[in-house]
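Just so you know, UniProt numbering puts the end of the sequence shown at 536, numbered straight through with nothing missing.
To start, the structure under review is shown below, and the notes come after it.
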Amino acid sequence: MNNGNSYNHHHFPTSIPISCSSHSIQSQSRMNTLNANRDLLSPGNDVIVTRTVSPSFYSHGMPSRDNVFRKDDHVRILGNTSDPAWYRARNASHEEGLVHADCVVRVNGQSYENGIVRMRASGCDPGAASTASSTSSHHSSVANNQPWFHSMISRENTEKLLRGKPDGTFLVRESTNFPGDFTLCMAYHGKVEHYRIEQTSGGQLTCDKEEYFSNLTQLVSHYKRDADGLCHRLVTPIICETATFSSNGSSSFGSSSTVDLEDRTSVFRHAGLVIPSNEIDVGDTIGHGEFGDVRLGTYKNRKVALKVSKRHGNGMLDSLLDEAKFMVGLSHPNLVTLVGVVLDDVNVYMITEYMANGNLIDLLRSRGRHALERRQLMMFAIDICQGMCYLESKQIVHRDLAARNVLLDEDLVAKVSDFGLAKKANSQSNDSASGKFPIKWTAPEALRHSQFTTKSDVWSFGILLWEIFSFGRVPYPRIPIQDVVRYIEKGYRMEAPEGCPPEVFKVMNETWALSAQDRPSFGQVLQKLTSIRKTV
């Protein structure tokens with residue numbers, strides 16, 4: 001397809017092509033479908049592609065399969081072509097291509113506005129209201145200790161809080177139009193987007209009827225990792241002033257901020273990593289992280305990135321400091337380097353090296369297979385594996401290894417970042433894997449039993465390899481998130497991405513051994529990848 005703007009806010013999944021044979025699509029049935037879909041295919045209408053087909057089957061004069069939208073793509077019809085069966089269309093990333101008239105259906109419960117697929121609230125079944133309200137109270141009580149949950153705040157007050165905030169600023173409230181449901185509200189491009197969170201009869205929660213979650217915390221964690229259909233991934237919550245915190249003074253974003261900051265930052269002082277604020281020039285905002293804004297800065301004539309958190313007021317400061325503490329003493333060419341911390345009267349800054357080419361997932365999705373050669377993909381994989389070999393030698397478990405947490409410098413050297421969930425391999429952890437960790441990237445023993453080891457990172461690396469060679473697709477497409485572990489334990493494994501070298505896919509499958517002991521070490525994986533690189 002013709003690449004336009006890079007799509008950093010939404011990923012359009014593709015599927016393995018399903019060929020349409022002459023036995024499955026007969027000429028008469030095709031003509032009936034074409035006539036029935038004539039209104040559906042009017043310019044400006046929004047449709048979903050129901051299957052992937054090759055134009056060569058229908059007309060040898062049409063373009064190759066690369067120009068055809070695939071199963072599950074959401075597109076807007078632009079007009080017809082010289083072949084009455086094929087229509088021109090554009091997706092939310094402004095990529096143009098073709099759809100076949102009998103392989104589309106009308107978008108149900110969604111609309112395409114301002115170039116972005118948005119979820120539209122559908123009707124509520126009155127007969128299900130009582131069941132929904134009973135489970136709603138449970139979800140509300142569970143969410144009450146989350147700083148992003150604002151309970152019964154009105155839509156009007158929500159928009160006052162969010163309007164003008166950076167993209168990805170969000171809160172969750174109870175729905176006013178659909179009792180028993182919730183609403184996810186997010187700032188985006190100067191406006192406020194409202195997404196209905198529906199409850200199923202079984203108490204599951206969903207924004208799109210594709211991904212289902214057991215509770216609001218799990219839902220928010222998922223969309224903080226990937227937009228996955230929203231206009232932007234969730235970044236920074238609007239803190240509810242009346243939020244209920246646990247008895248030890250903690251929220252989901254960290255522990256009590258009443259502990260003296262001097263004690264909590266002593267490790268940086270001992271390591272010589274506290275930087276006077278007058279030595280840092282703070283520049284423009286270049287992104288938004290879990291803890292707040294990410295700013296570009298200059299330190300000793302060197303560009304640096306600054307993660308910013310308020311010194312007082314919410315528990316996110318603790319998470320920022322925990323991540324920075326974990327990075328003290330780590331030094332490897334394929335790990336993002338901690339430069340230091342700055343403590344001023346208002347903010348705390350975590351200073352890291354500046355990575356000019358952003359994160360790997362955005363690069364894979366925006367440049368695609370036409371711009372990134374196989375040799376470059378192999379270099380990304382080897383860079384990351386070398387960084388993980390270093391962590392393995394230190395007995396450190398990253399626990400959140402994914403393409404979104406790999407950054408690229410100006411020479412496209414890949415470096416592992418985001419150590420917010422990292423821990424020593426032999427340390428005790430009381431973390432629950434259900435809401436905090438990325439289900440589609442996390443090893444089954446870690447999700448089931450919270451058993452995180454370097455071998456669970458190896459599993460995640462295999463998923464990351466799949467991301468690289470699929471050019472940024474979301475893993476396990478079309479499998480509901482709550483079913484992923486069950487599928488894995490029954491033996492299901494993803495198929496090879498299109499164009500992936502068989503040798504690389506073999507490595508992926510080795511990392512996905514159900515038993516952690518049967519997976520290779522990072523050192524062994526690195527040897528295999530280095531050998532494969534010589535042949536591609």
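Every residue, glycine too, gets a C-beta built ideally from N, C-alpha and C.
Since we're looking at a predicted model, the values are computed, not measured.
Run through DSSP, which three-state label would Pro502 get? In the structure shown, Pro502 sits in a helix (DSSP, three-state: H, G or I).
Looking only at C-alpha atoms, which of Pro502, Tyr87, Pro333 sits nearest to Arg76? Taking each of Pro502, Tyr87, Pro333 in turn and checking the Cα distance to Arg76, the smallest one comes out for Tyr87.
Would you list, in sequence order, the uninterrupted beta strand (DSSP E) runs of no fewer than 3 residues that lie entirely inside the stretch 271-329? For the stretch 271-329, whole beta strand (DSSP E) runs of length 3 or above, ordered along the chain, are 280-289, 292-299, 302-310.
In this structure, how does DSSP classify Gln199 when only helix, strand and coil are distinguished? Secondary structure of Gln199 (DSSP, three-state): strand.
Looking only at its own chain, which residues have a Cβ that is under 6 Å from the Cβ of residue 537, when we skip the five neighbours before and after it? Lying outside 1 to 536, the shown extent of the chain, residue 537 is not represented and no answer is given.
With three or more beta-carbon pairs closer than 8 Å as the criterion, would you say the stretch 357-371 touches the stretch 392-409? Contact holds: three or more Cβ-Cβ distances are below 8 Å.
Assuming the contact rule is C-beta atoms closer than 8 Å, Arg493 and Phe452 should be a hit. Round their C-beta distance to whole Å, please. With 8 Å as the limit, Arg493 and Phe452 do not qualify as a contact, their Cβ atoms being about 21 Å apart.
For the stretch 364-372 against the stretch 456-471, do three or more pairs of beta-carbon atoms, one drawn from each stretch, fall closer than 8 Å, so that the two count as touching? Short answer: they touch.
When you compare each of Glu495, Pro501, Pro480, Gln524 to Lys209 by their alpha carbons, which one comes out closest? That would be Pro480, whose Cα lies nearest to the Cα of Lys209.
Around the Cβ of Gln395, are there at least 16 other Cβ atoms within 10 angstroms (buried) or fewer (exposed)? Label assigned to Gln395: exposed.
Tell me, please, which residues DSSP counts as bridged to residue 543. Any property of residue 543 remains undetermined from this structure, which presents the chain solely from 1 to 536.
If you scan the stretch 339-369 from start to end, which runs of the beta strand (DSSP E) of 3 or more residues do you find wholly inside it? The qualifying runs are 347-353.
Residue from Phe471, Phe437, Arg448, Tyr354 with nearest C-alpha to Ala371: The option with the nearest alpha carbon to Ala371 is Phe471.
Is Tyr492 helix, strand or coil when you go by DSSP? Note: Tyr492 maps to coil in three-state DSSP.
Do Thr206 and Gln146 have their C-beta atoms within less than 9 Å of each other? No, Cβ-Cβ distance for Thr206 and Gln146 is not below 9 Å.
If you follow the alpha helix (DSSP H) that Val458 is part of, which residue opens it and which one closes it? For Val458, the enclosing alpha helix (DSSP H) stretches over residues 454-469.
Nearest-angstrom Cα distance between Val339 and Ser154? Put simply, the backbone Cα of Val339 is about 43 Å away from that of Ser154.
Could you please give the first and the last residue of the uninterrupted beta strand (DSSP E) stretch that includes Ala89? From DSSP, the beta strand (DSSP E) with Ala89 extends over 86-91.
Is the beta carbon of Lys424 less than 9 Å from the beta carbon of Val458? Not a contact, by the Cβ cut-off of 9 Å.
Going by DSSP, what residue range makes up the beta strand (DSSP E) through Leu529? Bounds of any beta strand (DSSP E) do not take in Leu529; it lies within the alpha helix (DSSP H) bounded by 522-533.
If you compare alpha carbons, which of Phe69, Arg70, Thr81, Lys160 is closest to Pro43? The candidate whose alpha carbon is nearest that of Pro43 is Thr81.
Taking Leu317 as the reference, which of Glu353, Val341, Thr298 has the closest Cα? Ranking the options by Cα distance to Leu317, first place goes to Val341.
Rounded distance between the beta-carbons of Leu343 and Val274, thought under 8 Å: Contact holds; Cβ gap of about 7 Å.
Just reading off the beta strand (DSSP E) that Tyr188 is part of, what are its end residues? Per DSSP, Tyr188 belongs to the beta strand (DSSP E) from 182-188.
How many Å lie between residue 540 and Ala443 at the Cα? In the structure displayed, the chain extends from 1 to 536; residue 540 sits before or after that span and is not available.
Just list the residues that DSSP pairs His100 with in beta bridges. Answer by DSSP bridge pairing, in chain order: Trp86.
Which term fits Asn509, buried or exposed, when burial requires 16 or more other beta carbons within 10 angstroms of its beta carbon? Classification for Asn509: exposed.
Can you say whether His74 is buried or exposed, counting buried as having 16 or more other CB atoms within 10 angstroms of its CB? Buried, because 16 or more other Cβ atoms sit within 10 Å of the Cβ of His74.
Take the Cβ of residue 541 as the centre, count every other Cβ of all protein chains shown within 10 Å, and call the residue buried at 16 or more, exposed below. Any answer about residue 541 is impossible in this case: the structure gives the chain only from 1 up to 536.
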